[in-house]
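Residue numbers (the numbering used here): 757 to 814.
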């Protein structure tokens, strides 16, 4: 079955075409986002291990 059609500016697009027409996340911004996510999780890990050390100190 064909994808349902949507009308934009008197042109009929299928929903898959509309998804493909959306602006793409550039490679640079994707890598930047990935890098910041990794750094953020690294910081969380440091805080987590510090918390564990403090909790289980004798």
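Idealized CB from N, CA, C, for every residue including glycine.
Suppose you measure from the CA of residue 805 to the CA of residue 787; what does that come to, to the nearest Å?
27 angstroms
List the endpoints of the continuous alpha helix (DSSP H) containing residue 785.
783-811
What's the C-alpha gap between residue 807 and residue 800?
Residue 807 and residue 800 have their C-alpha atoms some 10 angstroms from each other.
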